Amino acid sequence: MQWFDSTVNPGWFDWLGMAVALVGFAVTIFQVVRTRSAAKTATDALEKAQTVLTANMLIALPGQYSLIVSELDHAIRLNQGDMAIRTLVRYGHLAQETIALLQSPTDEHSELCQQLIDTTTRALNTKEKLVQTAEPDVRAISKRVAKEIDEVSVGMSGVVSTIRNKIGAPGV
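Per UniProt numbering, the very first residue in the sequence shown carries number 1; after that it's consecutive.
Below, the structure written as structure tokens:
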């Protein structure tokens, strides 16, 4: 028994089947091209949304840095070691979050990232000194790192101004 008889001439159903198959292939190719185009559009929209979300998160950070600077200054003025310790730990967490947000393939903010890393290390070392000292002189121990945190706060304000100009945020 043969499954394929090559001696028989094709009928009109055979030609109709061939035409339907060719139309199906054409539709499939057209849909693949449209899908690829839609995927590219979706990827572009996702990247833009990610950029805007990151920018919005960064725009909210200068207020946090100002609060940390204010609380650390207050702790130094009142010589409150516990308050200074909590503030320095909060600064460490905020700085790490900021570094993650600022890092990009272009290394646009690499200088500020390095400043954040250095200041975070010094802040945590200062916190450790405050913890280990029975009755610490908060002013003497924290003065240098407080100044550096203030400089980082000013640097973040500059970055945020640049970001607002790029995305056209209101209030610029």
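In this text, a Cβ means the ideal position worked out from N, Cα and C, and glycines have one as well.
Quick caveat: nothing in here was measured; it's all calculated off a predicted structure.
Through-space distance from residue j to residue i, alpha-carbon basis
i    : j    : result
E111 : S157 : 14 Å
W12  : M18  : 10 Å
V159 : Q132 : 36 Å
V172 : K166 : With a pLDDT of 49 at V172, under the threshold of 50, the predicted position of this residue should be treated as unreliable, and no value is reported.
Q114 : A100 : 12 Å
A45  : N9   : 55 Å
F25  : H109 : 50 Å
Q31  : E47  : 24 Å
G63  : R36  : 43 Å
L88  : R34  : 53 Å
Q103 : A49  : 17 Å
V27  : L61  : 51 Å
V23  : T43  : 30 Å
D107 : R144 : 27 Å
Own chain, CB closer than 6 Å to residue i, minus 5 neighbours either side, in chain order
i    : result
T120 : G92, A95
I85  : K127, L130
T54  : L101
S142 : I76, A84, T126
A140 : none
Residues of its chain near residue i, where Cβ-Cβ distance is below 8 Å and the 5 sequence neighbours each way are ignored
i    : result
I149 : Y65, I68, V69, L72, Y91, T119, A123
A134 : none
N56  : none
Status (buried if at least 16 other CB within 10 Å, exposed otherwise) for residue i
i    : result
P136 : buried
A146 : buried
A21  : exposed
G81  : buried
T41  : exposed
H74  : exposed
L58  : buried
L16  : exposed
D14  : exposed
Whole-number beta carbon distance between residue j and residue i, since they are thought to touch under 8 Å
i    : j    : result
L116 : T98  : 6 Å
I76  : V154 : Actually they are not in contact, since the Cβ atoms of I76 and V154 sit about 18 Å apart, beyond 8 Å.
Other residues of its chain near residue i: CB distance less than 7 Å, five sequence neighbours each side excluded
i    : result
V152 : Y65, Q115, L116, T119
S161 : none
CB contact below 9 Å: residue i versus chain B
i   : result
T98 : No chain B appears in the structure shown, which is made up of a single protein chain.
Segment limits, alpha helix (DSSP H) that includes residue i
i    : result
D137 : No alpha helix (DSSP H) contains D137, which DSSP labels as neither H nor E.
P62  : 12 to 78
H93  : 81 to 102
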